[in-house]
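Colleague: FYI, in our numbering the residues of the sequence shown are 298 to 436. From the three backbone atoms N, C-alpha and C, an ideal C-beta is built for every residue, glycine too.
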Amino acid sequence: MYLLDTVVLSEFRKRNRDIGVLTWIRSVAPSDLFISVVTIGEIELGIEKQREIDTRFAEELSRWLDTTLRIYSNQILGMDIGVAKRWGRLAARIGNRGMDLAIAATALESGLTVVTRNVSDFAPTGVAMLDPFSGVRQA
Numbered sequence: 298m299y300l301l302d303t304v305v306l307s308e309f310r311k312r313n314r315d316i317g318v319l320t321w322i323r324s325v326a327p328s329d330l331f332i333s334v335v336t337i338g339e340i341e342l343g344i345e346k347q348r349e350i351d352t353r354f355a356e357e358l359s360r361w362l363d364t365t366l367r368i369y370s371n372q373i374l375g376m377d378i379g380v381a382k383r384w385g386r387l388a389a390r391i392g393n394r395g396m397d398l399a400i401a402a403t404a405l406e407s408g409l410t411v412v413t414r415n416v417s418d419f420a421p422t423g424v425a426m427l428d429p430f431s432g433v434r435q436a
């Protein structure tokens, strides 16, 4: 089962989607895909930044996010005590407190593979990863 990183989830809204991502997503049962509340926060941050630049595009992104949240409503993973503690241990060991660590902690606590293009951001955490853009999988 898989936890979609922000960069992969965002690929689904593009007109010209990456063929590797499309091929991979078609090979996976929708029930095996999960989203972290952290990813939702990252997307909401992007929407709010867009409001200052292009309100129409921000509204389009907001509608896309609302639709995505309805589709994945039963597959959104929150931060619980186990995830928070894992995040704290990762942050202390790795030396940063970024959002990718919270996503990695969620995946590690739930036994999920992170699906991302940003493998170098997740590599220090030891989480299993899949990059559908290149097809590379790391356990």
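If we call anything under 8 angstroms between Cβ atoms a contact, is Met396 one with Val335?
Modeller: For Met396 and Val335, yes; Cβs fall inside 8 angstroms.
Colleague: Assign Phe354 to buried or exposed, taking buried as 16 or more other Cβ atoms, counted over all protein chains shown, within 10 Å of its Cβ.
Modeller: Exposed.
Colleague: Can you check whether the CB of Asp302 is closer than 8 angstroms to the CB of Asn371?
Modeller: No, these two residues do not count as a Cβ contact at 8 angstroms.
Colleague: Counting beta carbon pairs with one atom in the segment 373-385 and one in the segment 405-413, are three or more of them shorter than 8 angstroms?
Modeller: Counting Cβ pairs under 8 angstroms, three or more are found: they touch.
Colleague: Counting beta carbon pairs with one atom in the segment 343-352 and one in the segment 308-327, are three or more of them shorter than 8 angstroms?
Modeller: No, they do not touch.
Colleague: Return helix, strand or coil for Gln347, following the three-state DSSP convention.
Modeller: Reduced to three states, the DSSP call for Gln347 is helix.
Colleague: For Thr410 and Val424, I'd like the C-alpha separation in whole angstroms.
Modeller: Rounded to the nearest angstrom, the two C-alpha atoms are 7 angstroms apart.
Colleague: Please identify the residue among Arg310, Gly317, Thr365 whose C-alpha is closest to the C-alpha of Arg434.
Modeller: Of the listed residues, the one whose Cα sits closest to Arg434 is Gly317.
Colleague: What's the gap between the Cα of Ser333 and the Cα of Phe309?
Modeller: Looking at the two C-alpha atoms, the distance is approximately 16 angstroms.
Colleague: On the DSSP letters alone, give me the boundaries of the beta strand (DSSP E) that Phe331 sits inside.
Modeller: Segment 330-333, the beta strand (DSSP E) holding Phe331.
Colleague: Counting only runs of 3+ residues fully inside the segment 345-412, write out the beta strand (DSSP E) ranges in chain order.
Modeller: Taking only runs of at least 3 residues, the beta strand (DSSP E) segments lying wholly in the segment 345-412 are 410-412.
Colleague: If you compare alpha carbons, which of Glu356, Asp329, Gly379, Leu374 is closest to Ile337?
Modeller: Among Glu356, Asp329, Gly379, Leu374, the Cα nearest to that of Ile337 is on Leu374.
Colleague: Skipping 5 residues on each side, what residues in its chain have a beta carbon closer than 7 angstroms to that of Pro421?
Modeller: Cβ within range, chain order: Ile391.
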